[in-house]
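Numbering (our numbering), first residue to last: 1 to 168.
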Amino acid sequence: MKKELFIPDRIFDDVYGITPEYLLSENIKFVLSDIDNTLVKYGDRKPGEKLLSWFAELRAAGIKTALISNNNKKRVRIFNKDLKFPAYHRSGKPSRRVVFKLMDEMGAKKSNTCIIGDQIFTDVLCAKRAGIRAFFVTSIESPKDLFGKLKKKLEKKFIEEYHKKYGE
Ligand SMILES: [Mg+2]
Numbered sequence: 001m002k003k004e005l006f007i008p009d010r011i012f013d014d015v016y017g018i019t020p021e022y023l024l025s026e027n028i029k030f031v032l033s034d035i036d037n038t039l040v041k042y043g044d045r046k047p048g049e050k051l052l053s054w055f056a057e058l059r060a061a062g063i064k065t066a067l068i069s070n071n072n073k074k075r076v077r078i079f080n081k082d083l084k085f086p087a088y089h090r091s092g093k094p095s096r097r098v099v100f101k102l103m104d105e106m107g108a109k110k111s112n113t114c115i116i117g118d119q120i121f122t123d124v125l126c127a128k129r130a131g132i133r134a135f136f137v138t139s140i141e142s143p144k145d146l147f148g149k150l151k152k153k154l155e156k157k158f159i160e161e162y163h164k165k166y167g168e
């Protein structure tokens, strides 16, 4: 696979750096977001106040949000209970199938849609394969397990490529 598929379009410290003003300046009207370690920690079942305000700001700007998670049904259902966003569990990222399904349901176009996520090999790869913008955020918690640590180590190469490419 081409290296470009693993390089985010933009890297942020956290989702709060992704402002409605920024999204609109990039012509983004549809945000498909990962949940775990992107919006909240694995252990947080519900969004907190700060996150709810961020969702409200996006909504006020006319930006639609959806949840695209590889986690299970229960996790997504409880998290989304009050939000009532279009949401998919076991999305199979980096597969594009659910992305295209969501975009179709929401009336989104490739040119005005992004994925926000904390994993290069699922979220970023999924977005780039789908031909939509990939906004990468630093994981809220660093992985403690061996596989998670290994993935973060492998991601480093592409984050360095990003900095080389954009000179940030
Ligand atoms: Mg995640």
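Note that beta-carbon positions come from the ideal geometry of N, C-alpha and C, so glycine has one too.
Item, Value
"Where I35 falls: helix, strand or coil (DSSP)", "coil"
"Nearest-angstrom beta carbon gap, D123 and I115 [assumed within contact, 8 Å]", "6 Å"
"Beta-bridge partners of K110, as assigned by DSSP", "BP columns for K110 are empty, so no partner."
"Reference Y42, options K156, F158, G148 and T113, closest by Cα", "G148"
"Three-state secondary structure assigned by DSSP to K101", "helix"
"By C-beta, the residues closer than 6 Å to any heavy atom of ligand 1, given in chain order", "D34, D36, N37, T38, G117, D118 and Q119"
"A61 and L24 closer than 8 Å at C-beta", "yes"
"Burial state of I18, where buried means 16 or more other Cβ atoms lie within 10 Å", "buried"
"C-beta atoms of R133 and E26 nearer than 8 Å", "yes"
"Cβ-Cβ distance between I7 and K165 below 8 Å", "yes"
"Proximity test, G131 beta-carbon vs ligand 3 heavy atom, cut-off 7 Å", "Only ligand 1 can be found as ligands here, which leaves ligand 3 out of the picture."
"C-alpha distance - P47 paired with K157, whole-angstrom precision", "31 Å"
"Residues that DSSP places opposite T65 in a beta bridge", "V31"
"Opposing strand residues paired with V137 [DSSP bridges]", "F12"
"D14 to L51 span [Cα, whole Å]", "11 Å"
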